[in-house]
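Here is the structure we will look at.
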Amino acid sequence: IRAKQAIAAGECFQIVPSQRLSVRTNASPVSLYRALRSINPSPYMYFLNFGDHQIVGASPELLVLVEDRQVTLRPIAGTMPRGATAEEDEAIGRRLLADEKERAEHIMLVDLGRNDVGRVAEPGTVHVPRLMEIERYSHVTHIVSEVLGTLRDGLRPIDALRAAFPAGTLTGAPKIRAMEIIAELESDRRGAYGGAIGFFNRDGDVETAITIRTLVLKDGVAHIQVGAGIVADSDPPTEYQETLNKANAVLAAVAEAERMQGMSSPARLEAVA
8 IRAKQAIAAG ECFQIVPSQR LSVRTNASPV SLYRALRSIN PSPYMYFLNF
58 GDHQIVGASP ELLVLVEDRQ VTLRPIAGTM PRGATAEEDE AIGRRLLADE
108 KERAEHIMLV DLGRNDVGRV AEPGTVHVPR LMEIERYSHV THIVSEVLGT
158 LRDGLRPIDA LRAAFPAGTL TGAPKIRAME IIAELESDRR GAYGGAIGFF
208 NRDGDVETAI TIRTLVLKDG VAHIQVGAGI VADSDPPTEY QETLNKANAV
258 LAAVAEAERM QGMSSPARLE AVA
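Numbering (our numbering), first residue to last: 8 to 280.
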């Protein structure tokens with residue numbers, strides 16, 4: 008409600024609040040990664056061990072790629088659950104692309120991506136070769152676009168990462184004010200959620216994914232953060248359900264990891280914040 012009030016007051020066009028789900032589990036981090044990889048194979052899979060906590064994720068979303076001085080962003084905005092059959096999948100994809108709210112929200116975030124790329128690109132090189140295409144993952148259907156540009160002379164790939172981070176699809180627009188409102192709304196710091204995981208190679212190129220569809224395992228509890236974009240005509244119960252849809256693959260992986268290790272009791276949802 009606070010997010011919609013801020014939008015109605017003209018403070019933002021969109022805000023992406025999130026909630027944290029916490030699941031107590033005895034599954035090992037490696038089992039969680041294997042289960043997530045099996046249940047929700049995604050373009051970006053990762054398992055990072057920091058000793059006192061681990062990060063396990065299956066992200067569908069590129070933050071920024073710079074290769075041979077070409078900058079690429081792939082914003083994802085617009086989500087519905089998967090269908091039970093191929094026919095249902097096709098119908099859901101058509102419905103998602105026909106939804107005026109989802110289309111408007113996606114185009115706004117594509118424009119934000121064009122602005123991010125334009126900050127570091129040669130004038131006249133920013134373009135959108137893929138606009139509003141459907142991609143399907145294990146539990147959700149997404150609208151995806153692609154924004155490209157040529158990195159300006161004198162700039163480095165890390166400058167493109169700075170320009171794109173944090174992703175507008177995880178904050179809203181304009182970014183700074185949206186993040187200020189998110190800081191007011193959310194009781195927990197986001198930590199890894201909405202961050203970047205990737206690499207720089209020896210040539211200086213960079214590829215990073217946004218840390219979504221990710222869990223942080225600490226002291227036997229898997230923490231899963233999920234959000235949804237709020238705009239002026241959003242329906243809060245629908246957006247809340249969207250966050251649960253996004254969490255389903257990771258929650259299913261926790262349950263599967265428990266099963267793989269022969270544990271008798273399933274993972275239990277401990278808290279919703």
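Beta carbons: idealized from backbone N, C-alpha and C, even for Gly. Predicted, not measured: the structure shown is a model, and the values here were computed from it.
{"Check": "For ARG76, which residues from the same chain have a beta carbon less than 7 Å from its beta carbon, with the 5 sequence-adjacent residues on both sides left out?", "Outcome": "THR157 and LEU158"}
{"Check": "Given that a residue counts as buried once 16 or more other Cβ atoms are within 10 Å of its Cβ, and exposed if not, what is ILE165?", "Outcome": "exposed"}
{"Check": "Any contact of the segment 111-119 with the segment 77-89, i.e. 3+ C-beta pairs under 8 Å?", "Outcome": "yes"}
{"Check": "Measuring alpha carbon to alpha carbon, tell me which of VAL30, VAL71 and ASP210 ends up nearest VAL154.", "Outcome": "VAL71"}
{"Check": "Let me check one thing: in DSSP terms, what residues is HIS134 bridge-paired to?", "Outcome": "LEU155"}
{"Check": "So for TYR144, helix, strand or coil by DSSP?", "Outcome": "coil"}
{"Check": "Could you name the residues that DSSP lists as bridge partners for HIS149?", "Outcome": "THR86 and GLU142"}
{"Check": "Within this structure, are the beta carbons of CYS42 and ARG220 separated by less than 9 Å?", "Outcome": "First, the residue type needs correcting, since residue 42 is Ala and not Cys in the sequence shown. Going by C-beta atoms, ALA42 is not nearer than 9 Å to ARG220."}
{"Check": "LEU39 by DSSP, collapsed to three states: which one?", "Outcome": "helix"}
{"Check": "Measure how close the beta-carbons of THR218 and ALA199 come, nearest whole angstrom, since I'm counting them as under 8 Å.", "Outcome": "5 Å"}
{"Check": "Looking only at its own chain, which residues have a Cβ that is under 6 Å from the Cβ of MET52, when we skip the five neighbours before and after it?", "Outcome": "ARG44 and ALA65"}
{"Check": "Do you know how far the Cα of VAL124 is from the Cα of VAL133?", "Outcome": "7 Å"}
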